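Residue numbers for the sequence shown follow the working numbering, beginning at 1 and rising by one.
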Amino acid sequence: MLHAAMLRRGLLTWVSRVGGMLVFLCCSLSLLYLMTCSPPHSSNTPLSHVLPHAESNHQNLGGAVLAAGPAGTGGAQAAAQSGGPPAVHTYQMLLQEREEQHRLYISSLKKQIAQLKEDLQERSQQLKRVQESLKIDPRVPGDGQEGGAESHGFGEVQGVKSQQSDLQEFLRGQLLKAEVTAGTRLPSEYAVVPFESFTLQRVYQLEMGLTRHPEEKPVRKDKRDELGEVLEVALHSLNTPSSQQDNREVVQKTQTSKVYTPSDFLEGITRTERDKGTLYELTFRGDSTHEFRRLVLFRPFGPLLKVKSEKMDTADVLINIIVPLSRRTEKFRHFMHNFREVSVRQDGRVHLTVVYFGKEQMSEVRSMLENTSREVNFKNYTLLQLDEEFSRGRGLDVGARAWKGGNVLLFFCDVDIYFTTEFLNTCRLNTQPGGTPHTQIHRKIILSFE
Numbered sequence: 001m002l003h004a005a006m007l008r009r010g011l012l013t014w015v016s017r018v019g020g021m022l023v024f025l026c027c028s029l030s031l032l033y034l035m036t037c038s039p040p041h042s043s044n045t046p047l048s049h050v051l052p053h054a055e056s057n058h059q060n061l062g063g064a065v066l067a068a069g070p071a072g073t074g075g076a077q078a079a080a081q082s083g084g085p086p087a088v089h090t091y092q093m094l095l096q097e098r099e100e101q102h103r104l105y106i107s108s109l110k111k112q113i114a115q116l117k118e119d120l121q122e123r124s125q126q127l128k129r130v131q132e133s134l135k136i137d138p139r140v141p142g143d144g145q146e147g148g149a150e151s152h153g154f155g156e157v158q159g160v161k162s163q164q165s166d167l168q169e170f171l172r173g174q175l176l177k178a179e180v181t182a183g184t185r186l187p188s189e190y191a192v193v194p195f196e197s198f199t200l201q202r203v204y205q206l207e208m209g210l211t212r213h214p215e216e217k218p219v220r221k222d223k224r225d226e227l228g229e230v231l232e233v234a235l236h237s238l239n240t241p242s243s244q245q246d247n248r249e250v251v252q253k254t255q256t257s258k259v260y261t262p263s264d265f266l267e268g269i270t271r272t273e274r275d276k277g278t279l280y281e282l283t284f285r286g287d288s289t290h291e292f293r294r295l296v297l298f299r300p301f302g303p304l305l306k307v308k309s310e311k312m313d314t315a316d317v318l319i320n321i322i323v324p325l326s327r328r329t330e331k332f333r334h335f336m337h338n339f340r341e342v343s344v345r346q347d348g349r350v351h352l353t354v355v356y357f358g359k360e361q362m363s364e365v366r367s368m369l370e371n372t373s374r375e376v377n378f379k380n381y382t383l384l385q386l387d388e389e390f391s392r393g394r395g396l397d398v399g400a401r402a403w404k405g406g407n408v409l410l411f412f413c414d415v416d417i418y419f420t421t422e423f424l425n426t427c428r429l430n431t432q433p434g435g436t437p438h439t440q441i442h443r444k445i446i447l448s449f450e
């Protein structure tokens, strides 16, 4: 046992010594390999040291460009003399050329800005001289230098008046070319420029079609600023008398007269014709329930112009709702429920014309109309029956021709349509009777996202 223990201890000592020698030998071989295979020392600067850092880029390039000519060759020659790699020299030369182009462009912009400032200062001085000359009566000549100054001021006044007349003529021409006071003939319906409607919070656009949701909220900042300016001008115009007649009316008004605020704004419509300008029509609540104020503004690629301001009374405007129908009695039941609640009980200035195609389920439709008539005491309805195949256009034509009363606003409706009292008022406000110089219809675009 003692002999075996001594043998095991001697074996462990020998193994440890052999392992240590092997480790020392491996380290020596590794060190010898590194000393033998390392690349020779080069005096060239590494690429990371040649290229400038981001924070010092402009300073280094700026010094190179100022030392070189317009083409930036001086910087390239300096880089070539430094003995750097060719690729680095190429990059430096390209950067220097781009920097030089930017400097030239900035210099050109600065010259243009300086020229514009000089022009603006000159125009400001001219305007100041004209304003000072307007304080002098040109019809009363003076003596000596005063008379000469007045004649000079009179000449400037005449020049300003000539410029103002030219500007007014241009604006008047733009106003006449646009469909503001009268309509124009168009080759087809595709040439019609649609209106966009807007409220205080939303804009309903059609320009992008269904590629973008027609209800734009929140409104883009540029559009919000534009419509905010228009609303501000409209409110200022409504609350400020513009003539002596308005002054007399203001004197006659009591202290309880209406002062228009943004909360009185109901809705507006606008459209832009690319070669004429932008038209705005804004509608405000009036002094009574059925009275409204409309203000028409026009921007002929210049300052806003007030075209007209008018009062609108919709108390006597009757709407004839024409509905072509074939079967679909369940849909008609829902339609009559909405019609009874909105058109009869809330509005009361409507007439319903139902053009029914066929004989099937005709009795159910008649029964619904009679029940509604008894429940809300509504007699302003007409039921027409056609024994032919359903045609929406045919039904609308027959329903329109069946009216034998006076002027009426025709609302071509479908049985699926749900409308409110505000919509009926919108129809009354955005239409004008046929035969007038500015016949106008309100064609609402119905969009379904089902």
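By construction, the Cβ of each residue, glycine as well, lies at the ideal position given by its N, Cα and C atoms. Fair warning: this is a prediction, and the values are worked out from it, not measured in the lab.
- Burial state of Q92 is buried, judged by a 10 Å Cβ sphere holding 16 or more other Cβ atoms.
- Under DSSP, M368 takes part in no beta bridge, so it has no partner.
- A Cβ-Cβ separation of about 7 Å places A178 in contact with F298 under the 8 Å criterion.
- In the three-state DSSP reduction, E232 falls in the helix class (H, G or I).
- Boundaries of the alpha helix (DSSP H) harbouring N425: 421-429, taken from the DSSP string.
- Taking 8 Å as the upper bound for CB-CB distance, F292 and M312 are in contact here, some 5 Å apart.
- Within the same chain, and ignoring the five residues on either side of F265 in sequence, the residues whose Cβ sits closer than 7 Å to its Cβ are L200, L231, L282, F284.
- Counting the other Cβ atoms within 10 Å of the Cβ of Y33 gives fewer than 16, which makes it exposed.
- For V408, there is no enclosing beta strand (DSSP E), as DSSP marks it with neither H nor E.
- The Cβ atoms of Q174 and K276 sit closer than 8 Å to each other.
- Looking only at T272, Q432, L238, the smallest Cα-Cα distance to F195 is reached by T272.
- Judged by DSSP in its simplified three-state form, R345 adopts helix.
- About 7 Å separates the beta carbon of N380 from that of V350, a gap short enough to meet the 8 Å contact definition.
- With contacts defined by Cβ atoms closer than 8 Å, V354 and V365 form a contacting pair.
- Between M362 and the set V376, K308, P324, L227, the nearest pair of CA atoms involves P324.
- If you compare the alpha carbons of D316, R345, M336 with that of N371, the shortest gap goes to M336.
- For K311, the enclosing beta strand (DSSP E) begins and ends at 305-313.
- At a Cβ-Cβ threshold of 8 Å, F378 and V415 do not count as neighbours.
- Per the DSSP secondary-structure output, G277 pairs in a beta bridge with E273.
- Taken in chain order, the whole beta strand (DSSP E) runs of length 3 or more contained in the segment 369-402 are 381-386.
- Bounds of any beta strand (DSSP E) do not take in E330; it lies within the alpha helix (DSSP H) bounded by 329-338.
- Relative to the Cα of A402, the nearest Cα in the group L352, F390, K111 belongs to L352.
- Excluding its 5 nearest sequence neighbours in each direction, K258 has C-beta neighbours in its own chain below 7 Å: D287, listed in chain order.
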